[in-house]
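A.B. asks:
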Amino acid sequence: MFDTPGPRLFGLPCGADFATELVAGLRARMKDTPPEALAEVEIYVNSDRMARRLRTVYDAGPACLLPRIRLVTDLADPLTRAALPASIPPLRRRLELTGLVSELLDRAPDLAPRAALFDLADSLATLMEEMQGENVSPEVIENLDVSDQSGHWQRALTFLQIVQRYFEADSAPDPQSYARRAMEMRLLQWQDKPPQHPVLVAGSTGSRGTTASFMAAVARLPQGAVILPGFDADTPDAVWGQLDDSLTGEDHPQFRFAKLMQALDLSPRDIRSWTDTPPPSVARNRVLSLALRPAPVTHQWLSEGPSLPSLPDAMQDVTLVEAASQRDEALAIALRLRQAVEDGQRAAVITPDRMLTRRVTSALDRWNILPDDSGGTPAQLTPPGRLLRHVAELFVKPLTAEMLLTLLKHPLTHSGADRGPHLLNTRDLELYIRRNGMPYPQPEPLVTWGETRSRGDWATWVGQQFCGHDHTGKRALSDWIATLVALTESICAGPGGKGSGGLWKEAAGRKLQSVIATLTREAEHGADMSARDFADLLGAMLSREEVRDRDAPHPNILIWGTLEARVMDADLVILASLNEGSWPELPGADPWLNRQMRAKAGLLLPERRIGLSAHDFQQAAGAPEVWMTRSMKSDDAETVPSRWLNRLMNLMRGLPDRDGKSAIEQMQDRGKYWLSLARASETPITEQPAPRPSPAPPAEARPKQLSVTEIKRLVRDPFAIYAKRVLRLRPLDPLMQAPDALMRGILTHKVLEEFVKATQDEPLNLTPDQLLTLAAQIIGDPEQVPFPTVRALWQARMARIAPWFVETEVNRQAHATPSQYEIKGQATIPALGFTLTATADRIDIDGRGGAHIYDYKTGAAPTAKEQRSFDKQLLLEAAMLDDGGFAPLEPPHVERAVFISLQPSNPKEVLAPLEDAPPEQVWAEFVSLITTYYDPTTGFTARRALQKDNDAGDYDHLARFGEWDVTDAPVKETLT
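Numbering follows our numbering, with no gaps: position 292 of the sequence shown is 292.
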């Protein structure tokens with residue numbers, strides 16, 4: 001196929017359909033050979049996607065024998081496999097390293113936090129693979145000059161010594177070491193007997209040491225050649241000459257090609273084009289080549305910029321979308337993809353930002369378009385992945401109500417049979433837990449609940465499957481896996497069910513079953529671990545796996561990572577999320593070696609990934625039609641444009657003679673058109689805001705009974721009473737009862753009631769110590785307050801007010817004797833058929849028969865003025881008591897009514913203004929108030945007189961507060 005001596009390097013320009021041009025060039029060179037000659041050709045490509053694309057191009061015809069298509073990462077032939085020891089699966093190596101790191105941390109806990117166990121093991125495995133791939137021995141690392149950072153280096157070296165054993169001659173190779181050994185054996189065979197048939201390496205940049213060595217060897221073969229993707233023929237020789245130092249040139253898109261040419265002693269002029277097909281835009285490629293020159297670039301822009309073609313013509317097929325937010329960016333991209341479907345275009349979104357791709361996928365869903373996402377769905381986010389992680393958490397900590405309902409509601413739970421009754425039971429159990437509380441469910445109360453509702457079998461199953469699985473010690477990894485699988489399958493099967501329900505079905509289930517099977521096979525190589533470590537290991541494993549459904553997606557709408565983008569077979573390419581930190585991605589933190597140390601050791605620099613991303617950008621930006629998109633803000637913070645986009649814009653702005661500013665404006669205008677469509681698609685239908693409601697139901701529907709504590713709400717927010725008493729709506733109780741003011745108030749009332757009762761039996765108990773002892777028994781009870789920190793805080797609050805309460809209690813008992821606690825009372829308005837109810841915290845009777853009403857407040861008590869106009873609780877209780885409403889008490893008069901404020905910072909007694917508002921007057925005013933609200937023409941106005949405008953109500957959303965404010969006049973709505 002080749003008549004000239006090697007080494008041979010060919011290139012294809014940026015924007016070329018690489019697979020199509022590769023096949024076309026190969027057909028042209030093989031046209032005078034017999035048909036079977038093509039079957040002897042070996043082609044090594046960089047990815048499975050490229051291999052599939054090549055086969056697709058050949059399938060399109062004309063008919064021929066296929067060349068042998070292989071991956072550059074798989075260089076072992078059958079003879080090599082027989083000669084080399086089998087490679088160690090990556091998971092086994094990571095499990096071994098996890099055990100070794102764990103032992104090291106047990107011996108020296110100060111080296112690193114335990115939570116970093118798996119991250120450390122994974123980064124060590126990655127470093128080891130890189131050392132194998134770049135042929136760097138541990139001795140090279142140990143001999144580095146680290147005199148200026150000895151403290152950090154000694155800690156790092158302690159970990160690095162762990163991997164030294166894996167570089168010994170008799171150790172089983174990992175995949176990188178195996179690949180290098182296979183390559184070395186292949187090259188030794190070629191030295192003795194070089195192949196005479198064509199051998200091609202196509203589409204690889206040679207960024208890895210093993211691959212670069214193989215490419216150099218292939219280029220020297222008698223019939224060998226390397227076809228470089230996205231080769232920039234517009235780069236001048238002077239620039240190529242600068243790309244000789246990895247510390248300064250690694251981030252340039254053509255650096256790896258320069259390194260390969262240096263290894264082969266070739267110049268850029270020796271790189272020939274594989275085909276004569278021009279790129280989609282020669283002019284645009286020249287602009288991009290100049291924009292991406294290595295620094296310093298300004299003088300090159302000034303000298304070479306004026307010779308560029310007209311920039312509006314060069315960039316006529318480029319659209320620049322600068323969206324206000326990532327949501328707008330995703331929606332604009334989705335709209336363009338929808339248009340591509342209509343026009344029959346093949347379109348690809350290229351970005352490393354997985355959050356943006358999920359937004360685009362979600363936006364496309366409204367038109368029932370599912371893109372072919374090369375990244376797939378992370379395994380831990382699939383239904384079986386989530387369920388496995390939730391079940392693993394059962395081993396870590398006691399079951400909570402939230403964990404229980406999360407598992408019961410999972411779509412795979414009880415999927416074996418009778419899913420409908422299971423969901424009904426789950427709903428009823430949730431309502432019971434919210435209403436009555438069950439923060440840490442146990443089998444006994446669950447069974448009791450089930451038996452009272454004829455659901456005993458289901459409740460028993462829940463108790464057996466979900467309760468009591470937390471484990472504090474260490475277990476073998478194989479035991480953890482067996483327990484996890486057995487429990488998860490049982491949960492999916494349901495009570496009495498067999499099998500595993502829907503756990504291992506569908507693509508996600510099959511993928512997860514494969515992952516668990518792999519983990520089971522390698523479990524013997526893992527160390528004993530705690531439940532927390534096992535859950536973290538499972539999560540880390542699942543996060544590295546992806547699930548794809550190749551049958552469902554749209555064939556012409558693609559989402560690619562930057563590696564897949566090198567296939568370049570799309571009519572429209574959208575380069576998305578062009579912001580610093582996203583594209584290029586920030587290099588990950590290296591806990592072992594800094595940049596200088598990596599360069600000295602011969603390892604890959606952080607800039608390598610930036611240079612690869614730059615090459616991917618340059619190659620993709622040469623497509624027939626290109627979109628460049630970015631969001632101006634992300635998470636409410638300003639973003640910085642990608643360095644490549646920034647360079648391109650700066651170059652064009654600095655070339656007014658080539659109409660650079662006009663070209664930018666045209667690119668932006670094309671983007672603004674799609675952004676305007678995105679905004680239009682998001683614009684809600686115009687609707688008049690709801691008025692401030694004041695519903696007026698008929699008299700017979702109005703509440704017949706209220707408590708004294710609800711009168712304050714009737715005065716301040718009548719709509720809340722309407723929603724609660726007329727519509728009979730209740731706010732949903734929290735799943736886990738929070739340690740809020742309500743709980744604190746209930747327990748404080750209980751402590752004070754028990755304390756006062758104890759002082760009646762034994763007056764000597766009237767001491768702060770006795771009060772705190774009772775507080776410890778009640779508030780310190782884990783059954784009452786299942787929150788250790790809150791128990792301590794609330795007991796501390798009680799300790800602060802105990803001396804004051806005891807001192808004032810002595811005075812209270814000197815005036816009157818406690819008579820009734822938590823006594824219920826009621827009073828009626830016969831003419832209206834209305835009943836007022838109350839529960840007095842405490843009523844004392846003095847020597848003259850006068851009543852003293854006390855109400856405990858854990859917060860601030862209302863002032864006398866507030867009590868007179870709004871908070872009428874004590875005044876109404878006094879009026880009810882005066883009228884005999886608290887049987888069997890019939891005091892001749894009410895001596896006083898007192899709020900006892902128990903604020904730690906300012907405890908005090910606040911008297912009700914009985915002199916200014918005697919019981920008879922209070923009752924008359926109350927009858928007038930209720931009579932008014934029994935009038936069918938009186939509306940229950942929302943937020944009528946709240947104390948503060950920012951006070952939140954339970955029913956504000958029902959009143960659609962926010963569409964109106966308190967300055968709006970209420971609109972009465974008469975209901976029938």
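For each residue, glycine too, the CB sits at the ideal point set by N, CA and C.
Within the chosen definition, does the stretch 88-97 reach the stretch 552-567 through at least 3 CB pairs nearer than 8 Å?
C.D. replies: The answer is no - the stretch 552-567 does not touch the stretch 88-97, with fewer than three Cβ pairs under 8 Å.
A.B. asks: List the DSSP bridge partners of Ala838.
C.D. replies: Position 838 of the sequence shown, counting from 1, holds the residue named residue 838. Ala838 pairs with Gly825.
A.B. asks: How is Tyr955 classed by DSSP in three states: helix, strand or coil?
C.D. replies: On the sequence shown, residue 955 is found 955 positions in, with the first residue counted as 1. Looking at Tyr955 - three-state DSSP - the assignment turns out to be coil, as it is neither helix nor strand.
A.B. asks: Taking 8 Å as the threshold (C-beta atoms), are Arg630 and Glu329 in contact?
C.D. replies: Taking the first residue of the sequence shown as 1, we reach residue 329 at position 329. Taking the first residue of the sequence shown as 1, we reach residue 630 at position 630. Taking 8 Å as the Cβ cut-off, Glu329 and Arg630 qualify as a contacting pair.
A.B. asks: Is DSSP giving Tyr440 helix, strand or coil here?
C.D. replies: Here residue 440 corresponds to residue number 440 of the sequence shown, with the count starting at 1. Three-state DSSP puts Tyr440 in coil, outside helix and strand.
A.B. asks: What does a CB cutoff of less than 7 Å around Leu412 pick up in its chain, not counting 5 residues either side in sequence?
C.D. replies: The residue you call residue 412 lines up with position 412 of the sequence shown. Pro383, Pro384, Leu387, Cys492, Gly501, Gly502, Leu503.
A.B. asks: Rounded to the nearest angstrom, what separates Gly850 and Leu911 at their Cα positions?
C.D. replies: Stepping through the sequence shown from its first residue, residue 850 is reached at position 850. Stepping through the sequence shown from its first residue, residue 911 is reached at position 911. Distance between the alpha carbons of Gly850 and Leu911: 16 Å.
A.B. asks: Going along the chain, which residues of its own chain have a beta-carbon closer than 7 Å to the beta-carbon of Asp949, five neighbours each way excluded?
C.D. replies: Translated into the one-based positions of the sequence shown, residue 949 becomes position 949. Hits under 7 Å: Val966.
A.B. asks: Who are the Cβ neighbours of Lys972 in its own chain at under 7 Å, not counting the five residues just before and after it?
C.D. replies: Locating residue 972 in the sequence shown gives position 972, where the first residue counts as 1. Answer for Lys972: Ser694, Ala696, Gly939, listed in chain order.
A.B. asks: May I ask you to report which of helix, strand or coil DSSP gives Gly25?
C.D. replies: Taking the sequence shown and counting its residues from 1, one reaches residue 25 at position 25. Helix at Gly25.
A.B. asks: Could you round the C-beta distance between Thr460 and Gly450 to whole angstroms and report it? I think they count as a contact, below 8 Å.
C.D. replies: Along the sequence shown, one-based indexing puts residue 460 at 460. Along the sequence shown, one-based indexing puts residue 450 at 450. Thr460 to Gly450, Cβ: 7 Å. Contact.
A.B. asks: Are the CB atoms of Met736 and Glu524 nearer to each other than 8 Å?
C.D. replies: Within the sequence shown, residue 736 is the residue found at index 736, counting from 1. Within the sequence shown, residue 524 is the residue found at index 524, counting from 1. For Met736 and Glu524, no; Cβs fall outside 8 Å.
A.B. asks: Below 8 Å, how does it come out for the stretch 852-868 and the stretch 899-907: are there three or more Cβ pairs, yes or no?
C.D. replies: Verdict: yes, contact present.
A.B. asks: Tell me whether Ile853 sits in a helix, a strand or coil according to DSSP, three-state version.
C.D. replies: Stepping through the sequence shown from its first residue, residue 853 is reached at position 853. It is a strand residue.
A.B. asks: So, with DSSP's three-state summary, where would you put Gln688?
C.D. replies: For the purposes of this step, residue 688 is identified with residue 688 of the sequence shown, where counting begins at 1. Of the three classes helix, strand and coil, the one that applies to Gln688 here is coil, per DSSP.
A.B. asks: Is there contact here, the stretch 644-661 with the stretch 333-343, by at least three beta-carbon pairs under 8 Å?
C.D. replies: No: fewer than three Cβ pairs fall under 8 Å.
A.B. asks: How long is the line joining the alpha carbons of Leu766 and Val810, rounded to whole angstroms?
C.D. replies: Position 766 of the sequence shown holds residue 766. Position 810 of the sequence shown holds residue 810. If you take the alpha carbons of Leu766 and Val810, they lie about 8 Å apart.
A.B. asks: With DSSP as the reference, label Leu914 as helix, strand or coil.
C.D. replies: Taking the sequence shown and counting its residues from 1, the one referred to as residue 914 is at position 914. DSSP places Leu914 in coil when its eight states are reduced to three.
A.B. asks: Measuring straight from C-alpha to C-alpha, what distance separates Pro553 and Trp367?
C.D. replies: Taking the first residue of the sequence shown as position 1, residue 553 is located at position 553. Taking the first residue of the sequence shown as position 1, residue 367 is located at position 367. Whole-angstrom Cα-Cα distance: 13 Å.
A.B. asks: Which residue marks the beginning of the beta strand (DSSP E) containing Phe10, and which one marks its end?
C.D. replies: Residue mapping note: residue 10 aligns to position 10 of the sequence shown, counting from 1. Element bounds for Phe10: 9-11.
A.B. asks: Quick one: which unbroken alpha helix (DSSP H) runs of 4-plus residues sit fully inside the stretch 392-443? Chain order, please.
C.D. replies: Complete alpha helix (DSSP H) runs here, min 4: 401-408, 419-436.
A.B. asks: Using the Cα positions of Ser137 and Leu84, report the straight-line distance between them to the nearest angstrom.
C.D. replies: If you number the sequence shown from 1, residue 137 lands on position 137. If you number the sequence shown from 1, residue 84 lands on position 84. Going by the C-alpha atoms only, they are around 20 Å apart.
A.B. asks: Got a sec, what are the start and stop residues for the alpha helix (DSSP H) Met652 sits in?
C.D. replies: In the sequence shown, the residue the question calls residue 652 occupies position 652. Where Met652 is concerned, the enclosing alpha helix (DSSP H) stretches over 643-653.
A.B. asks: Tell whether a beta-carbon distance below 8 Å holds between Gly344 and Thr357.
C.D. replies: The residue labelled residue 344 in the question sits at position 344 within the sequence shown. The residue labelled residue 357 in the question sits at position 357 within the sequence shown. The answer is no: Cβ separation not under 8 Å.
A.B. asks: For the beta strand (DSSP E) containing Thr974, name the first residue and the last one.
C.D. replies: The count along the sequence shown starts at 1 and reaches residue 974 at position 974. Taken as a continuous stretch (DSSP letters only), the beta strand (DSSP E) holding Thr974 covers 971-974.
A.B. asks: Within 10 Å of its beta-carbon, does Val68 have 16 or more other beta-carbons around it, so buried, or fewer, so exposed?
C.D. replies: Within the sequence shown, residue 68 is the residue found at index 68, counting from 1. Note that residue 68 is Arg in the sequence shown, not Val. With fewer than 16 Cβ atoms within 10 Å of its Cβ, Arg68 is classed as exposed.
A.B. asks: For the alpha helix (DSSP H) that Ala70 lies in, which residues bound it at each end?
C.D. replies: Sequence index remark: in the sequence shown, residue 70 carries index 70 (1-based). A small fix is needed here, since residue 70 is Arg in this sequence, not Ala. Looking at the DSSP string, Arg70 is not in any alpha helix (DSSP H); the run it does join, the beta strand (DSSP E), is 68-71.
A.B. asks: Out of Gly885, Pro892, Pro584, Met438, which one is the CA nearest neighbour of Asp251?
C.D. replies: Sequence index remark: in the sequence shown, residue 251 carries index 251 (1-based). Nearest of Gly885, Pro892, Pro584, Met438 to Asp251, Cα basis: Pro584.
A.B. asks: Going by beta carbon distance, what residues of the same chain come within less than 6 Å of Asp232, once the five residues before and after it are set aside?
C.D. replies: Start at 1 with the first residue of the sequence shown, and residue 232 comes out as number 232. Cβ neighbours of Asp232 beyond the five flanking positions: Gln254, Ser289.
A.B. asks: Tell me whether Trp461 sits in a helix, a strand or coil according to DSSP, three-state version.
C.D. replies: Here the question's residue 461 lines up with position 461 in the sequence shown. Trp461: helix per DSSP, three-state reduction.
A.B. asks: For Met185, which residues from the same chain have a beta carbon less than 6 Å from its beta carbon, with the 5 sequence-adjacent residues on both sides left out?
C.D. replies: Sequence index remark: in the sequence shown, residue 185 carries index 185 (1-based). Closer than 6 Å at the Cβ level, and outside the excluded window around Met185, lie Thr80.
A.B. asks: Name the residue from Gln196, Thr248, Ile845 whose alpha carbon lies nearest to the alpha carbon of Gly224.
C.D. replies: Your numbering for residue 224 matches position 224 in the sequence shown. Nearest C-alpha to Gly224: Gln196.
A.B. asks: Rounded C-beta distance between Val239 and Pro294? I'm assuming under 8 Å.
C.D. replies: Translated into the one-based positions of the sequence shown, residue 239 becomes position 239. Translated into the one-based positions of the sequence shown, residue 294 becomes position 294. The Cβ separation is near 7 Å, so the contact holds.
A.B. asks: When the Cα of Thr828 is compared with those of Leu875, Arg848, Asp883, which residue comes out closest?
C.D. replies: Counted from its first residue, the sequence shown places residue 828 at position 828. Cα-wise, what sits closest to Thr828 is Asp883.
A.B. asks: May I have the straight-line CA-CA distance separating Leu578 from Ser613, to the nearest angstrom?
C.D. replies: If you number the sequence shown from 1, residue 578 lands on position 578. If you number the sequence shown from 1, residue 613 lands on position 613. Approximately 11 Å, taken between the alpha carbons.
A.B. asks: I need the straight-line Cα distance from Ser362 to Leu335, nearest angstrom please.
C.D. replies: Position 362 of the sequence shown, counting from 1, holds the residue named residue 362. Position 335 of the sequence shown, counting from 1, holds the residue named residue 335. Ser362 and Leu335: Cα-Cα distance of roughly 12 Å.
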